[in-house]
Amino acid sequence: MPEAKSAPLLRVAHLKVAYPIRSSLLQRQISANVAVSDVTFDINPGETVGLVGESGSGKSTVARAVIGLVKPDDGVIEFEGRNITGYSRKQFKSVRREMQMVFQDPYASLNPRLTVRDLIAEGWRVHRDIVPRDRWTAEAKKLMDRVGLNPDYSDRYPHQFSGGQRQRIGIARALALRPKVIICDEPVSALDVSVQAQVLNLLDDLQEELGLAYLFISHDLSVIEHLCDRVLVLHHGHVVEQGNAREIFERPRHEYTKALLAAVPVVRPWLDQADEGRHPTGEPAA
Amino acid sequence: MTATAPAPAPAVNATMRHARRARRGVTVRIVVPLVVIGLIVVGAIVVPLVYHYDPLHADLLARLKPPGTVTSDGGTAILGTDQIGSDLFAQIMAGARVSLLVGVATLVISGVVGLALGLLAGHFGGWLDAALMRIADVQLAFPSILLAILVASVLGQGVGNIIIVLSISNWVVFARVARSQVLGLKNREYVEAARALGAGNWHLMFRTLLPGCMAPVIVVATTQFAQVILTEASLSFLGVGVPLGTPSLGSTIYNGTQYLSTAWWISTLPGIVLVILMLAFGILGDALRDKFDPRLRSA
Amino acid sequence: MLGYVIRRLVLAVFVLWGVATAVFAIVRLVPADPALLIAGSDASPEQLATLREKMGLDESIIVQYGKFLGGAMTGDFGDSFQQRVPAMDLIAQVLPNTALLAVLACALALVLSFPLGLLASLRVNGLVDRIVTTGSLFTQALPNFWIGVVLLLVFSRKLKWLPSVGLDSPKNLILPTIVLALPFVSVLTRMIRNGLLEVMGEGYIQTARAKGLLERTVIFPHAIRNAAIPVVTIVGLQFGTLLGGAAVTETVFTFPGIGRLLVLSLQGRDYNVAQACVLVIAAVFVLINLVVDLTYGFLDPRVRLAK
Amino acid sequence: MTKTQPGTAPSASPTDAPLLSVQDLTVEFSTAAGVARALRNVSFDVRAGETLAVLGESGCGKSTIAQSIMALLPKPAGSIVGGKILYGGRDLAAERIPAVRELCGTEIAMIFQDPLSSLNPVFRVGAQLAEPFRRRLGMGRREAWAKSLELLKRVGIPDAETRIRDYPHQFSGGQRQRIMIAMALALKPKLLIADEPTTALDVTIQKQVLSLLADLQAETGMAMILISHDLGVVADVATRAAIMYAGRIVETGAVRDMYDHPAHPYTKGLLESIPSQTSIGGRLKPIVGSPPNLLDLPSGCAFNPRCPFATDLCREQVPALRTPTTWPAGHEAACHLSEEVLTHA
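Residue numbers (the numbering used here), protein chains in the order written: chain Y, 266 to 551; chain W, 35 to 333; chain R, -1 to 305; chain G, 695 to 1039.
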């Protein structure tokens, strides 16, 4: 649980991102498609904040803006009190060590031409002072072990692993830079249910052990509810509701949140008919 | 936690034999052309040395002799002699040497330039990309052989000029392939992941994007190599290629056309060598494409 | 769609301007003196001076360029040095011949490659597929000047079935058409085969089958229409290769076309005619690709209806 | 296929003959790396009007079932090497492809996971909708168009009169799936196979599409096979389900029976690995390890390397589907130790 007193690790205020629409004739920008606007939230050390929404809600755009993959059009992003909004690519490099990302697609997010060892060491190649070159193999193996992969397979290529194992490689790559916050962009939505639980547990363990903060993005309400301390519900680029996860899931106030919760199929609908408290994930605390 | 490594299947049946054959097929189709190309390369290097071939040396008594004729100096012209009495085998191999030299040099120049420009354009986009692609559009509006004919006739004949001409008309192909590949890779999550690690332009271009471009570039290089050799032959055939006295497969074929009805071998034999070379590259290119692009591979 | 058309038109004009500039640059900016190139190294200084003046070479390069562009737009490329007639007149005489040849070759290629590609794709690694794959490898490997020469030898010299040179009867068109069409056939057939194979794996083909449509209906129109879209683009691009190939083929068959005119004028250092030939061929090519691009938009609603 | 025992067919009451009966279906795929055994001895029945769910994770072979029934197995890689698919007194597994396709659309129809790639991008949706009427029933253009419009309205496409002239890329994902449903139901099939019909859709859209399917089923009385990986969707739509693992049905029965009292460790593991109210803030109980490689299945029960109950017997002998005495009829599991699994809380 986060310490309530400490300053936020990451502060996002009134974030707005728009994608330009260019004319087909001269490629001049004629207008812009607003992906997200006026998104505001904090993440404290060791805390998990969830971004939930359907496709096109802008939740991935928020993640990409925070880690500097897209430029915000408006708003402020502060990391440990530093305003990083206008940082150049070079300046951003130091922030990237503290802030890492785990991607959605375990197949597309790993360079197919690198071995697991090289994938994990890629960050060390970019940031020279973290691990000396002669320690790369040993450290990479240590990280593999930490995320539950057999370190003997450090010379294998991503295609030799299953989806869940690849996602573990992606997590190890993020951990290699020893970040304080990891942005998880739908990290389990491409995985099967049984494997998804393994990865969620791993993320949970790492948080406890390393004091990581997560910005966790998902369309899956049950995953968000399981993992997050606080939640933002996004709809068409706007935050329609945000606050304590438990409260939002138990007493949604916004119509959209209610509709969203009601739409989630219940695993054991027959239990609901008996019990009054309707929960998106079935299984009321009986 | 075990990696799912492919393991031998438990049973052998018809479908599996089919699959195995398809896999072996690709390997054979890569190895055999490489061996053929290798033999021609070795021949092109060694044979002219052994024969002390002099393209300008005329021996009028030994003109137009059919394959297998014993020449005056006691040797055997296994592939016959041409219209000035040169040994055709030596001439073909010397011609292959020129053709291969032109091919390799052109490919290296146009490949490196094209790949570099394509990478830059794809990675940075913006005005550089726009400018490059418009140049490519203009250049593709020229049938490349016309450009070659025009430039070659202005520059004058010569092996060096041929290489320049062919490089000018070929870099575009590499640039376009590299660029489109980069554009495809650019938004792949693993490239984003490298950016999220803080990788700079240099790292992104050469460690992340370039390796991803290599497969299609190699395939294109194979087919372009054949095209370059063919274009050189065509230019020499039209009389704007290699200078008189320099043997190339194209010029030897051209010289032989006037004697086709009386001495068929002068034109036909270098033609066959050219065809074998083209076939080898064609098969190699196809096999590499199958290997790199499994979508088109038959089950 | 309108934006798409306008964009293509602007691009076409730009490309033509680029080609013209490139041709101008190649002929004028090379270290050699064009007057010397034209008159030959044995010309006297007086001859050269007259020639320079006649060609406008004494003016600044910008003025020359302006005049050249202005002339190019009106189809005035100056006179032929050898025949003393406007270069455009010479081209006008031979262009229809080449056009006829190119259209015939194109038609032959399309007629042959569609059924061949379709049959090959129906049974991968079947008999037709093997023949088509090997055949196309061979045709691509054969240098067209060489096939031309061999065909001439066999059919006109030995068998005396067909005339060898010139364009006196429609029979003269047969061999050049075949030689020009051959590489085109092989490229197109492979393209159609691979395109169809790819399309046959798409979801909508599954849907069509799941609807219980006959396999014939699944292929016509569902698969063919989609497979044809990339083929159309290739036809446009290959047309350029075909026009380029015309230079070689026409030379082999002594065929009175624009390709042979180009080669002859280059051999005779008649640069006004050569320039004109290159520009006209490029213009034709650009025009054809413009048509192809517009057809593409028509065939693919995703392009046509893009905002 | 000699060492595996054929799974026993679910008990069918003699009075109520099944619409479709799949018996011991075995399918293999040849790949560059070897032969993948996609389905092994799969048996199930579907009765008129009922919904059977086939539940499983990626690569378990659930889609292969649909492809086998519809004769859509990719050729020449995939082939049915054993078993029967009985429909209307005919064995579809033994018939030639064109003969099976005769039934497709009129008797059995199918919708797919990705509604965008399932519609032909270059034809108007109207033309694609009209195709069954024109090609299969020989209707005239005008009549078929009117029928298509009717269908489009029925599946809830607003402004259908103008939208019928649009192309697939102009519709949203949910609308595309509605169009697919309209197309599948055009000729009033008796059985609809829905292969992950809502996986590509958002939850709110998923709810609408599922309720549309339910309405249409009530209206036409058709049977449905729902293929899904989502335990919630299955509970919502189906009364009976077959749970698949590595190409075999490992448990089958009434959804409620199975969810409340899973008799196979895999089913139990799946249910426990879903985040739920009780797991909030705590740890989940995942199934350890990864699904097996179909090219190299473990000996005995394919689940044994991941199974907390596994014994030597499980590593040696493939368990057959069976109904122990204490269970309700129709609830079967392919596990040597079902009794233990059931009593284990």
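Where is the CB? At the ideal position from N, CA and C, for every residue including glycine.
Taking the alpha carbon of Ile851 (chain G) as the reference point, which residue from G:Ala838, G:Arg836, G:Arg795 and G:Gly867 has its own alpha carbon closest? G:Gly867
On a Cα-Cα basis, can you pick out the residue from W:Ile183, W:Gly119, W:Gly190 and W:Leu231 that is closest to Gly243 (chain R)? W:Ile183
Does chain W have any CB closer than 8 Å to the CB of Asp247 (chain R)? The question names Asp, but residue 247 (chain R) is Thr in the sequence shown. False, the Cβ-Cβ gap to chain W never drops below 8 Å.
Between G:Glu837, G:Leu925, G:Ala932 and G:Val927, which has its C-alpha nearest Ala917 (chain G)'s C-alpha? G:Ala932
Would you identify the three-state DSSP class for Ala20 (chain R), choosing helix, strand or coil? helix
Nonlocal neighbours in the same chain, by C-beta distance under 6 Å from Ala838 (chain G), ignoring five residues either side: Ala824, Phe827 and Arg828
One question on the structure: do Leu334 (chain Y) and Val301 (chain Y) come within less than 8 Å of each other, judged by their Cβ atoms? no
For a contact defined as C-beta to C-beta under 8 Å, what are the partners of Val284 (chain R) on chain W? Ala175
Run through DSSP, which three-state label would Leu465 (chain Y) get? helix
Using Cβ-Cβ distances below 8 Å, what residues of the segment 185 to 218 of chain R are close to chain A? Included in the structure are the protein chains Y, W, R and G, with no chain A among them.
Using a beta-carbon distance cut-off of less than 9 Å, what residues from the segment 922 to 947 of chain G approach chain Y? His923, Asp924, Leu925, Gly926, Val927, Val928, Ala929, Asp930 and Val931
Buried or exposed (CB count within 10 angstroms, at least 16 for buried), Asp171 (chain W): buried
Report the residue ranges of all beta strand (DSSP E) runs contained in full by the segment 423 to 475 of chain Y; include only those spanning at least 3 residues, in chain order. 446 to 450
Can you check whether the CB of Ala139 (chain R) is closer than 8 Å to the CB of Met312 (chain W)? yes
Are the segment 713 to 725 of chain G and the segment 777 to 789 of chain G touching, with three or more C-beta to C-beta distances below 8 Å? yes
For Ile981 (chain G), would you say it is in contact with chain Y, using Cβ-to-Cβ distances shorter than 8 Å as the test? yes
Listing by chain order, which chain Y residues have their CB less than 8 Å from the CB of Pro969 (chain G)? Ala462, Leu465, Ser487, Val488, Glu490, His491, Leu492 and Thr546
Given that a residue counts as buried once 16 or more other Cβ atoms are within 10 Å of its Cβ, and exposed if not, what is Gln699 (chain G)? Here Gln699 (chain G) scores only 38 on pLDDT, less than 50, and its place in the model is too uncertain to base an answer on.
Taking 7 Å as the limit between beta carbons, can you name the residues of its chain near Gly145 (chain W), skipping five residues before and five after? Phe208 and Ala255
Taking Tyr202 (chain R) as the reference, give the member of G:Leu831, G:Gly975 and G:Met804 with the closest Cα. G:Met804
When DSSP labels each residue in this structure, what does Phe253 (chain R) get in the three-state scheme? coil
With a cut-off of 8 Å, does the C-beta of Asp163 (chain W) fall near any C-beta of chain R? no
Alpha carbon to alpha carbon, how far is Leu964 (chain G) from His958 (chain G)? Give it in angstroms, no decimals. 10 Å
Proximal chain Y residues relative to Arg213 (chain W), where beta-carbon distance stays under 7 Å: Under the 7 Å cutoff, chain Y gives no residues; its nearest Cβ is about 16 Å from Arg213 (chain W).
In or out: Gln91 (chain R) buried (at least 16 other Cβ within 10 Å) or exposed? exposed
What does DSSP give as the partner residue(s) for Ile196 (chain W) in the beta ladder? None; Ile196 (chain W) has no bridge partner.
Roughly how many angstroms lie between the CA atoms of Lys355 (chain Y) and Gln507 (chain Y), to the nearest whole one? 34 Å
Against chain R, does Asp171 (chain W) count as a neighbour if the rule is that its beta carbon must be under 8 Å from one of theirs? yes
Within 8 Å of any Cβ in chain Y, is that where the Cβ of Arg155 (chain W) sits? Residue identity differs from the one stated: residue 155 (chain W) is Ala in this sequence, not Arg. Chain Y contact via Cβ: absent.
Can you list, in chain order, the residues of its chain with a C-beta nearer than 6 Å to that of Glu363 (chain Y)? Leave out the 5 residues immediately preceding and following it. Pro444 and Lys445
Would you say Asp309 (chain Y) lies against chain W (beta-carbon separation less than 8 Å)? It is worth fixing the name first, because residue 309 (chain Y) is Asn in this sequence and not Asp. By this cut-off, Asn309 (chain Y) is not an interface position.
Quick one: which chain Y residues come within Cβ less than 7 Å of Tyr224 (chain W)? Ala373, Ser374, Leu375 and Asn376
Measuring straight from C-alpha to C-alpha, what distance separates Ala39 (chain W) and Ser984 (chain G)? Its pLDDT being 37, under 50, Ala39 (chain W) is placed unreliably in this model, and the value from its coordinates should be taken loosely. In a straight line, the C-alpha of Ala39 (chain W) is about 13 Å away from that of Ser984 (chain G).
Taking three-plus beta-carbon pairs below 8 Å as touching, is the segment 908 to 927 of chain G in contact with the segment 753 to 766 of chain G? yes
Which residue from G:Lys847, G:Arg848, G:Arg830 and G:Ala821 puts its Cα closest to that of Arg836 (chain G)? G:Ala821
Cβ-Cβ separation, Gly77 (chain W) to Ala130 (chain W) (assumed contact under 8 Å), whole Å: 7 Å
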